[in-house]
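**Q** Got a structure for you, written out below as structure tokens; questions coming shortly.
In this note's numbering, the protein residues as written are 13 to 341.
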């Protein structure tokens, strides 16, 4: 049962389902069954946010999330994490809802829940960011993969302020995430690259053209984000994915790296890997999902491996290096 305060928060903070549709956002997308499935992803995030911002207990949220189709459940967890992060911030950083979720039922979706933290960051003043990521010591991929929060923040900005961050290609102001302000723009571009996949409805030629409008030094990370979205979210046939791969040209290793991380995230959730992920992994990396996961595991790093670059980027670089020879042809 929702609380009165929760209902007020939901009404004030939650975008409507219509607000995240491609038509309302003004994206140049021709409606098809594939694009409608892509639209279901941000709508799943909205559902998770509504349940999280309005619920009396984590148990209630978890029960609702369990009712979501497995293919979309991780996205609903993104929304619930976003809600809990906002609630913890409203508690002056003293709340523990986010930590309880991420250390509990959200653990299989840890890659996506980090993105959910980033969605909350887009709605919180920057002085509060230093407290949004809870201490998840003991959790897999903490803190290496927390850079996905920056990815999520940038995805949100590109999706909801497309004119500024996509049409005009304005960079997001750096922030010392994990103490590294220099890497912040790169992680942000990975999120913008993911957003381009949605903004263009999975059309590979439009995505490629969108990336090329950005400054050349941003292309690698944008392509990586597009490869991740194409593999995790779906929305394209094998033929279209081959076009995406060919359009990437010299950035094929970046596209393949994003695809490997997406395959790893899908597999890690333990809910079954969708057919579109298997297809995208095969086209973009030349690997089965199982082999892509094995590659991700074999090249993984620890927080101590970070130095001049974050450990997260070292992991990405390891994957690119292993794939470079096989996907360059």
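Think of the CB as a built atom: it goes at the ideal place given N, C-alpha and C, for glycine as much as any other residue.
Predicted model, so just to flag it, every value in this text is computed and none were measured.
(1) By a C-beta neighbour count over all protein chains shown, 10 Å radius and 16 as the cutoff for buried, is residue 351 buried or exposed?
(2) Measure the C-alpha to C-alpha separation of residue 136 and residue 58 and round it to an integer number of angstroms.
(3) Let me know the alpha helix (DSSP H) ranges lying completely inside the region 125 to 178, each 4 residues or longer, listed in chain order.
(4) Please classify residue 67: does DSSP put it in a helix, a strand, or coil?
(5) From 106, 327, 52, 211, pick the residue whose C-alpha is nearest to that of residue 140; which is it?
(6) Assign residue 121 to buried or exposed, taking buried as 16 or more other Cβ atoms, counted over all protein chains shown, within 10 Å of its Cβ.
(7) With residue 7 and residue 114 assumed to form a contact (beta carbons below 8 Å), what rounded beta-carbon distance in angstroms separates them?
(8) Using 9 Å as the threshold, is the C-beta distance between residue 123 and residue 86 below it?
(9) Between the region 208 to 217 and the region 240 to 257, are three or more C-beta pairs nearer than 8 Å?
(10) Taking only the alpha-carbon atoms, compute the straight-line gap between residue 163 and residue 108 and give it to the nearest angstrom.
(11) Under a three-way DSSP split, which group does residue 237 fall into?
(12) What number of angstroms, rounded off, separates the C-alpha of residue 19 from the C-alpha of residue 102?
(13) Between residue 77 and residue 88, how many whole angstroms is the CB-CB distance? I'm expecting something under 8 Å.
(14) Helix, strand or coil, according to DSSP, for residue 56 in the structure here?
(15) Classify residue 13 as buried or exposed, calling it buried when 16 or more other Cβ atoms lie within 10 Å of its own Cβ.
(16) Could you give the distance in angstroms between the alpha-carbon of residue 269 and the alpha-carbon of residue 328?
(17) Please classify residue 259 as buried or exposed, where buried requires at least 16 other C-beta atoms within 10 Å of its C-beta.
(18) Determine the extent of the alpha helix (DSSP H) in which residue 202 is found, giving its start and end residues.
(19) Indicate whether residue 54 and residue 73 have their beta-carbon atoms separated by less than 9 Å.
(20) Please classify residue 35 as buried or exposed, where buried requires at least 16 neighbouring CB atoms within 10 angstroms.
(21) What does the alpha-carbon distance come out to for the pair residue 225 and residue 181?
**A** From the atom records:
(1) Outside the shown range of the chain, which is 13 to 341, sits residue 351, and nothing can be said about it.
(2) Here the question's residue 136 lines up with position 124 in the chain shown. Here the question's residue 58 lines up with position 46 in the chain shown. Each residue's alpha carbon lies about 17 Å from the other.
(3) 160 to 172
(4) Along the chain shown, read from residue 1 onward, the residue named residue 67 stands at position 55. Coil, per DSSP.
(5) Here residue 140 refers to the residue found at position 128 of the chain shown. The candidate whose alpha carbon is nearest that of residue 140 is 106.
(6) Position 109 of the chain shown, counting from 1, holds the residue named residue 121. Buried.
(7) Examination of residue 7 is not possible in this model, given that the chain is present from 13 through 341 alone.
(8) In the chain shown, the residue the question calls residue 123 occupies position 111. In the chain shown, the residue the question calls residue 86 occupies position 74. Yes. Within cutoff.
(9) yes
(10) Your numbering for residue 163 matches position 151 in the chain shown. Your numbering for residue 108 matches position 96 in the chain shown. Looking at the two C-alpha atoms, the distance is approximately 23 Å.
(11) The residue you call residue 237 lines up with position 225 of the chain shown. In the structure shown, residue 237 sits in a helix (DSSP, three-state: H, G or I).
(12) To locate residue 19, count along the chain shown from 1; it is residue 7. To locate residue 102, count along the chain shown from 1; it is residue 90. The predicted model places residue 19 with a pLDDT of 44, which falls under 50 and marks its position as unreliable; any figure quoted below should be read in that light. If you take the alpha carbons of residue 19 and residue 102, they lie about 16 Å apart.
(13) One-based indexing of the chain shown puts residue 77 at position 65. One-based indexing of the chain shown puts residue 88 at position 76. Going by Cβ atoms, the distance from residue 77 to residue 88 rounds to 5 Å, so yes, they are a contact pair.
(14) For the purposes of this step, residue 56 is taken as residue 44 along the chain shown, with counting starting at 1. If DSSP states are grouped into helix, strand and coil, residue 56 belongs with the helices.
(15) Mapped onto the chain shown, residue 13 falls at position 1. Confidence at residue 13 is low in this model, with a pLDDT of 46, below 50, so the placement of that residue should be treated as unreliable; the coordinate-derived value is given next. That one is exposed.
(16) In the chain shown, residue 269 corresponds to position 257, counting from 1. In the chain shown, residue 328 corresponds to position 316, counting from 1. One C-alpha to the other measures close to 7 Å.
(17) Along the chain shown, one-based indexing puts residue 259 at 247. Classification for residue 259: buried.
(18) Taking the chain shown and counting its residues from 1, the one referred to as residue 202 is at position 190. Here the alpha helix (DSSP H) through residue 202 covers 196 to 211.
(19) Counting from one through the chain shown, the residue named residue 54 turns up at place 42. Counting from one through the chain shown, the residue named residue 73 turns up at place 61. Cβ distance not < 9 Å, so residue 54 and residue 73 don't count as in contact.
(20) What you label residue 35 is simply residue 23 of the chain shown in a count that begins at 1. That one is exposed.
(21) Locating residue 225 in the chain shown gives position 213, where the first residue counts as 1. Locating residue 181 in the chain shown gives position 169, where the first residue counts as 1. Using only the alpha carbons, I get a separation of about 8 Å.
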